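Trainee: Can you keep this structure in mind? I'll have questions shortly.
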Amino acid sequence: MKRALPLTRLAQQLLAQALGPGDLAVDATAGNGHDTLWLAQRVSPDGQVYAFDIQAQALQATAQRLQAAMLGETVTLCHCGHELLLPQVPAHWQGRVSAITFNLGYLPGSDKQVTTLVGSTRQALGHALRLLKTGGALSVLAYRGHPGGQAEADAVAQWFEEHAGQLDCQVHESPGPVLYYCTRRQPRAGT
Ligand code: SAH
4 MKRALPLTRL AQQLLAQALG PGDLAVDATA GNGHDTLWLA QRVSPDGQVY
54 AFDIQAQALQ ATAQRLQAAM LGETVTLCHC GHELLLPQVP AHWQGRVSAI
104 TFNLGYLPGS DKQVTTLVGS TRQALGHALR LLKTGGALSV LAYRGHPGGQ
154 AEADAVAQWF EEHAGQLDCQ VHESPGPVLY YCTRRQPRAG T
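For the sequence shown, the residue numbers in this note's numbering are 4 to 194.
What follows is the structure, given as structure tokens:
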């Protein structure tokens, strides 16, 4: 039987439709840097990526991965929470970003107590929406197995319901995480 594509790979496959060379992109949860590297590879040579994480260890791992691929120049690493996404990225990025990705939960192989949290995740999603261009893509992978994970996944689901007028969404379920993948609709006249 053919094994289902892991949702991390599916997220990249879907984001690839919205992202190409020269584009702007954001990794809201750099973690070990797999998604940051992937975004940098897609947008290089002329595009730019901002990547956020609250743990120095995560940013070090991400920086090393980027340096090994000679893509350090493509990415700005921010040692701060993604709830500061909007004030951290250049003002002219608003409405011009092609892809934003969130991989929630804890850093694999690290302190499982340090996780993304409902309040800041919701705040960051609001910022992300302000940055996305029409047709731009937002992917959120939410894990439900750790304490607080289910509540966060529920909050993410609710946030997408609240913003259904602005986003076209697909939900991909698995026994583990759930993936939300959305693209920003053309704003209606007068909004
Ligand atoms: N995409 C990563 C895994 C991300 S793990 C990979 O492929 O390896 C989730 C990450 O979110 C952790 O590194 C954690 O430190 C980070 N995190 C937790 N709270 C955060 C916040 N408020 N803002 C940004 N990152 C946060």
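Glycine included, C-beta positions come from ideal geometry on N, C-alpha and C.
In this text the structure is predicted, and so the values were computed from the model without any measurement.
Run through DSSP, which three-state label would Asp-56 get?
Mentor: As a working mapping, residue 56 is identified with position 53 in the sequence shown. If DSSP states are grouped into helix, strand and coil, Asp-56 belongs with coil.
Trainee: Considering only residues of the region 78 to 139, which uninterrupted alpha helix (DSSP H) runs meet the minimum length of 4 residues and lie entirely inside it, listed in chain order?
Mentor: For the region 78 to 139, whole alpha helix (DSSP H) runs of length 4 or above, ordered along the chain, are 88 to 91 and 121 to 134.
Trainee: Compare the C-beta of Asp-26 with all C-beta atoms of chain D and state if any pair is closer than 8 Å.
Mentor: In the structure shown, chain D does not exist; there is a single protein chain.
Trainee: List the endpoints of the continuous beta strand (DSSP E) containing His-175.
Mentor: Start at 1 with the first residue of the sequence shown, and residue 175 comes out as number 172. Counting along the chain, the beta strand (DSSP E) containing His-175 begins and ends at 170 to 175.
Trainee: Bridge partners of Thr-186, per DSSP?
Mentor: Within the sequence shown, residue 186 is the residue found at index 183, counting from 1. Ala-140 and Asp-171, per the DSSP bridge assignment.
Trainee: Give the secondary structure of Ala-43 by DSSP, where H, G and I count as helix, E and B as strand, and everything else as coil.
Mentor: Against the sequence shown, residue 43 aligns to sequence position 40. It is helical.
Trainee: Buried or exposed: which applies to Thr-65, given that a residue is buried once 16 or more other Cβ atoms fall within 10 Å of its Cβ?
Mentor: By one-based count along the sequence shown, residue 65 stands at place 62. Looking at its Cβ environment, which holds 16 or more other Cβ atoms inside 10 Å, Thr-65 is buried.
Trainee: Could you check which residue in Arg-99, His-85, Ser-47 and Leu-170 has the C-alpha nearest to that of Val-78?
Mentor: As a working mapping, residue 78 is identified with position 75 in the sequence shown. If we check each option's Cα against that of Val-78, Ser-47 comes out closest.
Trainee: Helix, strand or coil, according to DSSP, for Asp-26 in the structure here?
Mentor: For the purposes of this step, residue 26 is taken as the residue at position 23 of the sequence shown. Coil, per DSSP.
Trainee: For Ile-103, is the beta carbon positioned less than 7 Å from some heavy atom of ligand 1?
Mentor: Indexing the sequence shown from 1 puts residue 103 at position 100. Every heavy atom of ligand 1 is 7 Å or more from the Cβ of Ile-103, so no.
Trainee: Excluding the 5 residues preceding and the 5 following Ala-21 in the sequence, name in chain order all residues of the same chain whose CB lies nearer than 7 Å to its CB.
Mentor: Residue mapping note: residue 21 aligns to position 18 of the sequence shown, counting from 1. Excluding residues within five positions, the ones whose Cβ falls inside 7 Å are Ser-101, Ala-102, Gly-138, Gly-139, Ala-140 and Thr-186.
Trainee: Got a sec? Which residues, its chain only, sit under 8 Å from Leu-8 by beta carbon, not counting five neighbours each side?
Mentor: Position 5 of the sequence shown holds residue 8. Excluding positions up to five away in sequence, the list reads Gln-16.
Trainee: Determine the extent of the alpha helix (DSSP H) in which Ala-14 is found, giving its start and end residues.
Mentor: Here residue 14 is taken as the residue at index 11 of the sequence shown, counted from 1. Ala-14 -> alpha helix (DSSP H) spans 10 to 18.
Trainee: Apart from the five residues just before and just after Lys-136, which ones in its own chain have a Cβ nearer than 8 Å to its Cβ?
Mentor: Here residue 136 refers to the residue found at position 133 of the sequence shown. Excluding positions up to five away in sequence, the list reads Gly-98, Arg-99, Val-100, Ser-101 and Arg-187.
Trainee: Classify Ala-192 as helix, strand or coil using the three-state DSSP reduction.
Mentor: Here residue 192 corresponds to residue number 189 of the sequence shown, with the count starting at 1. In this structure, Ala-192 counts as coil in the three-state DSSP scheme.
Trainee: Judging by CA-CA distance, which residue of Thr-118, Lys-115, Val-52 and Gly-129 is the nearest neighbour of Pro-93?
Mentor: Sequence index remark: in the sequence shown, residue 93 carries index 90 (1-based). Of Thr-118, Lys-115, Val-52 and Gly-129, the residue nearest in Cα terms is Val-52.
Trainee: Since Asp-49 is in the alpha helix (DSSP H), which residue starts that stretch and which ends it?
Mentor: Indexing the sequence shown from 1 puts residue 49 at position 46. Premise fails: Asp-49 is in no alpha helix (DSSP H) and is neither H nor E.
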